[in-house]
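Novice:
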Ligand code: SF4
Ligand code: FES
Ligand code: FES
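Chains as they are written, first to last, in our numbering: chain A, 1 to 697; chain B, 1001 to 1228.
Now the structure itself:
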C-alpha cells in the first residue's frame, strides 16, 4: 500500500494501481478516452492529465503507476491535484486539439446524447473554437453488416484496436499512417470476424463506430431501458433492452463481473429485429392442411381435448427458449394429467438425471480464470458461448491457464489448443489415464474440463458423459471441502441454450415409465404418441413427428409452428418476466420491456388457462404465487446448495463409445427462432458462408 | 505527408517471392531474435523486400506477415507509418529532394524545376522508368545545401546544371559517385579552410601545465582505483 494525497484526500492504494484509479478511489473524476479498465493502457489521448506536485508537466494519470510517484522533500506522500488551474487548462487544451479535427455533425450522429466526447467537451472544454483551418476527413471504411463506420469522427484512441487484439483475439484492426493521417482500418477493408464485434460500438467513445442495424432509429433519451438477461446462449449475460413504444430498438450489455464482465455476443446484441418479425400473434389451427386464425377459447378447447387423451399417447417437449415459470406450469399440468412422456432436452442431450452438479458449469464462469489446465470435450466455446471464450482467452493471456486441449473438431478458438483428436474414443484413453494429457490434468492444481451438452446428443451420449465424469473423478477435478486445496469442482457442462438448466432444475424429464425425447420422436413416427406439445421448441424437425397432432406454444413462426396443428401464441423473452437458469446454475430474471404481440400471452398464463379449461386448475393465480410454489417444490429454486458428495464417475452409463467425431458446433448466428427471424443474423450468416467459400477457393 | 495506402489493385503484382539473397539476409535477421519475438525483425525485413523490389506490394506485405507470424494489418501499420517505405513502384533511381529551409535558401526550388522538367510531376516516375522524385524534409546535410538523396546516397552542393548533368549521366547508364559537387573537403569551407588556421594552434607553443583551481593538493590514495 502506498499513501497518496489526491486533492487533499489522503488514501492508501496498492502500488500497482495507476494514478487514474487512485484518483477515482479518492472520489475525483478523471476524464478519459483511451483508457479502459479491461484493455491494456495506451496513454495516447492525454485527456486524463493531472498535476503531480513536483513534476514539471501535467502527467497522463492512466499511464503512471502509484508506486512510481516521488514523495515530497521531507518524505510526505506524493500530492496529486485533479482540479488545479494547470489541470483545467491542460484538459481544455487537449479537448481543443481533439475537436480541431472532429466534425460538427452531432445532429446526425447516432452517438449523440451518449457520446463521451460530447459530454467531456461540455464539462472540460472551452466554450468556443479558435480553429479556423479546414478539418480533415477520412475515407469510409467497411467493418461488415453490424458496425457502421464514420471514421472522420475517430479520435484515434485505439480502444477498438486493443479490444480486437486482446479481448476478441482477432488481430484484424489496426492504425495505419501516423499523426493527422492515422486511420483505423482492417486489412483490405475486411469484415471483423469476431462474435464479439458489437462491443466495439460500446467501446468507441465517439460516433466513429456505431450500430448499423440501429442506425438513425432513435435517440438515447427516447428509449425506455429495461434490465434483463440474454437468452441467446447458456451464459445468461446481463443485458439492457432499450425500447420505444412497443418496439425493441436495441440491446446493450450490462456489467456482471461473474458472467459477462461487460461484453455480450453479437447474437445477444443484434437479434432484436427478429423480435418484430415472424411473430405468432394469435391462436391458429390447421384445417384441411392450412392454418387459420382462431379465438383463444376455441384453441384452448381443442388443446384440452387433445391433452385429455390417454396419458401414454400424449407427450411434451420444452425447448431452448422456454422460461422456468412456463415449464413449471406445464409440468404441473402434465403431472395432474398423469402424462409421463416429457423432456426438456430438446436436442437430445444426456446430462440431467442425478445431482445438479452433473449438468452444471460447476467451476462457475469466473472459475475459468483460476484454472491451470483445461480440457474441452465436444464443445466450441467460441460459437456456443462467445463471452465465455473471451474469458478462457483472458485466462490464457494472463499465463495462468497454460494448457488447453480439445477433443472434437478443431476450430480457431483465438488461443492455442492442443488437438487431441476428434472422436470420443480419445476419452477412453484419458479416462484410463494412459493419455499424456491425463497427466497434465492430474498434476494441475485447478484442472477443469468443459463438456459441451450438445456433444452428448448422440446414441453413445450417456457413455460419453460417463467418460467425462470418469476423467473428472480420476484426474482430481472435483475436490471436496475436506481435502487439501478443496473445494474445487472443475467438472463443467456447457449448455448452449438458456432454457435447459432451468428445465433440469425443475426435473422436466420423463416421469416413471415415460418416454424421453428420442422415444417421443420414435413414438410419434410409429403412431403410438398421438399428441406432442412443443413449448418454445423448434429444435425438432417437423417431419420427424410423423402424423402426431402438434400443439406449438411459442413466439415465432419457425420449425415448430410450421409443423403445428394448433398454435398457442406466447410472448417472447423481452415481453414477459421469466426466470432463466444459466449454465452455472445462476437464477436470473429476463424482464418485460414491451407488451406481448397481438393476442400472445405469457407462457405460464397459457397453461394456467388450459388447466382451468380442463378442470385441473393449477394452484396459482399470479406469477408471484407460481414462484412461491416453485421454491417449495424444487430445492434448486430455494437456494439449496449442491450435493457435497458429488461423484462425477456415477454420471451417465458405462459402455463403449464410437469413434465417430463430435459434430461441429452449428453456425453461431442462426441457432434459435428469434435469431432466424432476424435479418441482421441472416445477413451475418450469409456473409460468413461467403468468406468461408472464398477462403476455400 | 499524406494518407498512405497500398497501391491500387491494378499496380499490384500477382505474387511475391524472396530472392535467395534476400531470404538469406532475412534469415540472418531472424536469428537475432528469440522465436516468440520474430516480429522484431519486421522493419529490416521490409527493408530487404524494398531493396529487392523497390517498393512494398500487397503480396510482399503478406509474405512478410507470413514469415514473421504476424497479422497482415500489423505489417501494414508499420509499412504505412514509415515514409521510407514506398507503397507504390518507383523508378530505378529514387530522388529525395530536400526542400527544407536551408536547402530552399540555397536553391532547392531551382532543383525542383529541373526535376519537374526532366522527370515529371512530384511523385511520378519518368517515362523511361529511370527516375522518381519526391520532396522530403531536412536530411541533415544542410551544410552542403542544396542536396538530393539518390537511392542510398547523398548528392550535395548541387546546382541546376550539376543536377541536369547527373540525371543525364544516370540515364545513360553511367554511375555517378555521390558526395559534394563543389571543390571542398566533405563539409569544410569551399576552397580552403577559413577558421582554425593559426599555426600556433598546432605547434604546441600555446600548451603548458595548468593548475585546476579547486583540485585537491594531493590525490587520495585510491584515486586511480575507481574502476578497479
Ligand atoms: S474508431 Fe472509435 S474506438 Fe476506434 S480508435 Fe477511433 S475513436 Fe477510438
Ligand atoms: S486516458 Fe490517459 S492518456 Fe488517454
Ligand atoms: S535542409 Fe536540406 S539537408 Fe537540412
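Using N, Cα and C, we set each Cβ at its ideal position, and we do this for glycine too.
Would you report the Cα separation of residue 186(A) and residue 689(A), rounded to the nearest angstrom?
Specialist: Going by the C-alpha atoms only, they are around 20 Å apart.
Novice: Can you pull the chain B residues whose beta carbon is under 8 Å from the beta carbon of residue 172(A), in chain order?
Specialist: 1071, 1073, listed in chain order.
Novice: With 8 Å as the threshold, decide whether the Cβ of residue 393(A) is near any Cβ in chain B.
Specialist: Not one chain B Cβ lies under 8 Å of residue 393(A).
Novice: Can you list the residues of chain B that residue 183(A) reaches, using a CB-CB cut of under 8 Å?
Specialist: The answer, in chain order, is 1003.
Novice: Can you say whether residue 131(A) is buried or exposed, counting buried as having 16 or more other CB atoms within 10 angstroms of its CB?
Specialist: Exposed is the call here.
Novice: At 7 Å on the CB atoms, spell out the chain A contacts of residue 1080(B), in chain order.
Specialist: Those within 7 Å of residue 1080(B) in chain A are 176, 177.
Novice: Need the endpoints of the beta strand (DSSP E) that residue 1098(B) sits in, please.
Specialist: Unbroken beta strand (DSSP E) run through residue 1098(B): 1093 to 1098.
Novice: Verify the contact flag: residue 1178(B), CB atom, against every heavy atom of ligand 3, threshold strictly below 7 Å.
Specialist: No, the beta carbon of residue 1178(B) sits no closer than 7 Å to any heavy atom of ligand 3.
Novice: Of all residues in the structure, which have a C-beta closer than 7 Å to any heavy atom of ligand 2, taken in chain order?
Specialist: Every residue passing the under-7 Å Cβ criterion appears here: 20(A), 32(A), 33(A), 34(A), 35(A), 42(A), 43(A), 44(A), 45(A), 46(A), 47(A), 48(A), 60(A), 61(A), 62(A), 63(A), 157(A).
Novice: Would you call the region 411 to 421 of chain A and the region 355 to 371 of chain A touching, i.e. three or more CB-CB distances under 8 Å?
Specialist: With a cut-off of 8 Å, the region 355 to 371 of chain A and the region 411 to 421 of chain A do not count as touching, because too few Cβ pairs lie within range.
Novice: Answer yes or no: do residue 192(A) and residue 630(A) have a C-beta to C-beta separation smaller than 8 Å?
Specialist: Result no, Cβ atoms of residue 192(A) and residue 630(A) do not sit closer than 8 Å.
Novice: Determine, for residue 193(A), whether the minimum Cβ-Cβ distance to residues of chain B falls below 8 Å.
Specialist: No, no contact with chain B.
Novice: Among 1020(B), 1067(B), 1011(B), 1092(B), which residue has its Cα nearest to the Cα of residue 1040(B)?
Specialist: Of the candidates 1020(B), 1067(B), 1011(B), 1092(B), the one whose C-alpha sits nearest the C-alpha of residue 1040(B) is 1067(B).
Novice: How long is the line joining the alpha carbons of residue 114(A) and residue 203(A), rounded to whole angstroms?
Specialist: Taking the straight line joining both Cα atoms gives about 12 Å.
Novice: Mind checking the region 401 to 415 of chain A against chain B and listing, in chain order, the residues whose C-beta falls within less than 8 Å of any C-beta there?
Specialist: Of all residues in the region 401 to 415 of chain A, none has a Cβ within less than 8 Å of some Cβ in chain B.
Novice: Name the residue from 32(A), 557(A), 85(A) whose alpha carbon lies nearest to the alpha carbon of residue 158(A).
Specialist: Minimum Cα distance to residue 158(A) is reached at 32(A).
Novice: In chain order, which alpha helix (DSSP H) runs of at least 4 residues are fully inside the region 104 to 164 of chain A?
Specialist: 116 to 124, 159 to 162, all fully within the region 104 to 164 of chain A.
Novice: Rank 557(A), 348(A), 312(A) by C-alpha distance to the C-alpha of residue 523(A) and give the top, closest one.
Specialist: Ranking the options by Cα distance to residue 523(A), first place goes to 312(A).
Novice: Please work out which residues of its chain come closer than 7 Å, Cβ to Cβ, to residue 174(A), disregarding the five sequence neighbours upstream and downstream, and give them in chain order.
Specialist: Taken in chain order, the residues that qualify are 161, 185.
Novice: With a threshold of 8 Å between beta-carbons, can residue 263(A) be considered close to chain B, or not?
Specialist: For residue 263(A), the answer is no, since every Cβ of chain B falls outside 8 Å of its Cβ.
Novice: In chain order, what residues of the region 574 to 601 of chain A put their CB closer than 8 Å to some CB of chain B?
Specialist: So nothing in the stretch comes that close.
Novice: Taking 8 Å as the limit between beta carbons, can you name the residues of its chain near residue 222(A), skipping five residues before and five after?
Specialist: Contacts found: 244.
Novice: When the cut-off is 8 Å and only beta carbons count, does residue 1077(B) lie next to chain A?
Specialist: Yes, residue 1077(B) counts as interfacial toward chain A.
Novice: Under 7 Å from any heavy atom of ligand 1, does the C-beta of residue 206(A) make it?
Specialist: At least one heavy atom of ligand 1 is nearer than 7 Å to the Cβ of residue 206(A), so yes.
Novice: Is there a C-beta anywhere in chain B that falls below 8 Å from the one on residue 186(A)?
Specialist: So yes, residue 186(A) belongs to the interface.
Novice: Kindly provide the ranges of any alpha helix (DSSP H) runs that are 4 or more residues long and lie completely inside the region 432 to 516 of chain A, ordered along the chain.
Specialist: Here the runs fully enclosed are 436 to 443, 461 to 474, 500 to 506.
Novice: Less than 8 Å between C-beta atoms, sequence neighbours within five positions excluded: which residues of the same chain meet that for residue 650(A)?
Specialist: Cβ neighbours of residue 650(A) beyond the five flanking positions: 354, 469.
Novice: Could you give the residue range of the alpha helix (DSSP H) that holds residue 1150(B)?
Specialist: Note, residue 1150(B): premise wrong, no alpha helix (DSSP H); beta strand (DSSP E) at 1148 to 1150.
Novice: Can you round the beta-carbon distance between residue 233(A) and residue 498(A) to whole angstroms, since I take them to be within the 8 Å contact cut?
Specialist: About 7 Å; that satisfies the 8 Å criterion.
Novice: With contact counted as at least three CB pairs below 8 Å, one residue from each stretch, are the region 396 to 404 of chain A and the region 673 to 680 of chain A in contact?
Specialist: At 8 Å Cβ cutoff, the stretches do not touch.
Novice: Reducing DSSP to helix, strand and coil, say where residue 588(A) ends up.
Specialist: Here residue 588(A) sits in strand by DSSP.
Novice: If you scan the region 67 to 105 of chain A from start to end, which runs of the beta strand (DSSP E) of 3 or more residues do you find wholly inside it?
Specialist: You should have 79 to 81.
Novice: Closest to residue 1036(B) by C-alpha separation, out of 1057(B), 1027(B), 1069(B), would be which residue?
Specialist: Selected option, being the one with the closest Cα: 1069(B).
Novice: I need the DSSP call for residue 225(A), collapsed to helix, strand or coil.
Specialist: In the structure shown, residue 225(A) sits in a strand (DSSP, three-state: E or B).
Novice: Regarding residue 38(A) and ligand 1, is the C-beta to nearest heavy atom distance less than 7 Å?
Specialist: No, the Cβ of residue 38(A) stays beyond 7 Å of every heavy atom of ligand 1.
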